[in-house]
Structure formats: C-alpha cells, structure tokens
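Residue numbers (the numbering used here): 272 to 558.
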C-alpha cells in the first residue's frame, strides 16, 4: 500500500521548493531565454539537489527508515556498461539521422562559437578540439555529472519509484517518469530551460522525452535496486545532451535537432514503450 503521507511530504517539498526557487529566479531576471549567464545555470544546478533533499527528509523523519534503503549501492558493473552502450547508441542514431536528413555537422565549430558570441579563433585546431570534446562527452562529463545527477536520482528512483511500487512496477515506472518530467515544467516555462523562447511546444516534447527515459531507468532500477546506477545513467544522458554532438549540430530551434528535439524524443519513446511493455508482461507472468 502506498504511504500517502510520505508521498505527499516528498512531493510537497520537491515541487514547493522548486517553484519557490524558479519564481525567485524569474523575478530576479536569472533566466535562460537568451544567452544564459553562469548564475542562471547555477539555479538549475541548485534545483537538481532538491529531490534528494526531499527524499532524505521524508525517509528519515517521516518514514523513519534507514537512508541506505534509498539505493545507496553501486550494482553490477555489467549494468553500467549496458546502460552506457544503450544511451550512446541512441545518441549516435539521433545525430546519424540528423546528419542524413536534417542538417550537416559543422566540423569547424564556427556555428557553435557564433551561437555563444565567442569571438576570435579556437585555442587549438578544430579536429583536436573535437577530439577533446568527444573525450569529455564520453568520459569526463559523465563522471563530473554524477553528483548533481545523484541529487535528482535519490528522489526520483531512490524514493519515489519504490514508494509507488505497491501500484505495480509498470504503473510505478510510468507515474514516476511523468512526475520527473512534470518537475521540469516550471523551469522550461518560466526560465527558458532547454528550449528558450520555444518553451510552450518544448514543454510537451520534453515531457514525452523524460517520461520515456524515466520508464527505462525505472525498469533498470527494479532489476538492480541501485540508485547509484540510475545517477550514472542520468549523468551519461546529460553529458551527451550537452556534449560534442550539440556543438557540431547547431540550430536556432531545439524542437527538432539535438538531445531534446523530436528525433531523440522518438528514439527514447520507443525505448520507454518497450520497457513499459516488458514490465507489464513480467507482472502478468508472476500473477
């Protein structure tokens, strides 16, 4: 049976605190609608730790359960390799389809420089810069993103997903994914996160993408019960979202090209549907 009190406390803290921070940032003009300032990016960074804070508070003071039950374990090494490969494959398909049908990559990086109003020449030749950015995307950024990703995952997969598990794994995966997606909505609409001035169509696209990603991550979590693995998956996804591909394929619109465009959304939607069907099938086989 779902503990409605604990669930309400977690959601109240998570969404209430997020709204407070987002509205304050909007009133102070700390938005991402145009060229984002570093302090505006920090607002998003701070928000990533809210779900974890809510989970820790609820787990300790409301449920009075050990914090280790939030999934503080690493899980099997092969699961890291498999999920890493899946994310890279989908991003490769995303940019491969983009290259074939929509846009050519800018290997000079001049479009990327222009988009962020960077003047002057690259510090090193473009091929060397692309190689360095690729290394950061594949290795450096996932490791650097682990801590902020854990800030979210302790909430979404560590607390919310098992809290909803009494409803059934498939339903819990869907609802937790939708909740995770909904949490981003005020940041998109009020701060311009991700889509800038295309926030209204973007929020629907983003909701589909994150819900789908969340269902797959939930399916993996149910197998491993590892929130550390979920944080790794989150970190790898974000590293590729802001990685070398986003610098090679530049577009004024985020609705089609890139990590949060329609191409990538469709790919992850297929993964999410597949994961949901598998969870439903497994539930039927055990009843």
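Where a beta carbon is used, it is the ideal one built from N, C-alpha and C, also for glycine.
This structure is a prediction, so every number in the text was calculated from the model and none was measured.
**Request:** Please determine if the region 459-473 and the region 513-520 are in contact, where contact requires at least 3 C-beta pairs separated by less than 8 Å.
**Result:** no
**Prompt:** In angstroms, rounded to a whole number, what distance separates the CA positions of residue 347 and residue 393?
**Reply:** 41 Å
**Asked** Just to check, is the beta-carbon of residue 310 closer than 8 Å to a non-hydrogen atom of the ligand ADP?
**Response** By its list of ligands, the structure shown contains no ligand whatsoever, and the ligand ADP lies outside what it can speak to.
**Request:** Less than 8 Å between the CB atoms is what I'm expecting for residue 486 and residue 429, so what's the real figure, rounded?
**Result:** Rounded, the Cβ-Cβ distance is 17 Å, inconsistent with contact.
**Prompt:** Which residue from 365, 496, 466, 361 puts its Cα closest to that of residue 524?
**Reply:** 466
**Prompt:** Using the rule of at least 16 other Cβ atoms within 10 Å of the residue's Cβ for burial, across every protein chain shown, is residue 313 buried or exposed?
**Reply:** exposed
**Item:** Nearest-angstrom beta carbon gap, residue 476 and residue 531 [assumed within contact, 8 Å]
**Value:** 7 Å
**Asked** Counting along the chain, where does the alpha helix (DSSP H) carrying residue 469 start and finish?
**Response** Where residue 469 is concerned, there is no enclosing alpha helix (DSSP H), given that its DSSP letter is neither H nor E.
**Message:** Would the region 499-510 count as touching the region 343-358 if we require 3 or more Cβ pairs under 8 Å?
**Reply:** yes
**Request:** Out of 277, 376, 303, state which residue places its alpha-carbon closest to the alpha-carbon of residue 470.
**Result:** 303
**Item:** residue 413 burial status per 10 Å Cβ neighbour count (16 or more: buried)
**Value:** buried
**Item:** residue 538, DSSP secondary structure in three states
**Value:** helix
**Message:** Which complete beta strand (DSSP E) runs does the region 333-402 hold, if anything under 3 residues is left out?
**Reply:** none
**Prompt:** Using a Cβ-Cβ cut-off of 6 Å (strictly less than) and excluding sequence neighbours within five positions of residue 542, which residues of its own chain qualify?
**Reply:** 487
**Request:** Have a look at residue 558 and residue 437 and give me their C-alpha separation to the nearest angstrom.
**Result:** 14 Å
**Message:** Just to confirm the assignment, what range does the alpha helix (DSSP H) spanning residue 522 have?
**Reply:** No alpha helix (DSSP H) holds residue 522; DSSP gives it neither H nor E.
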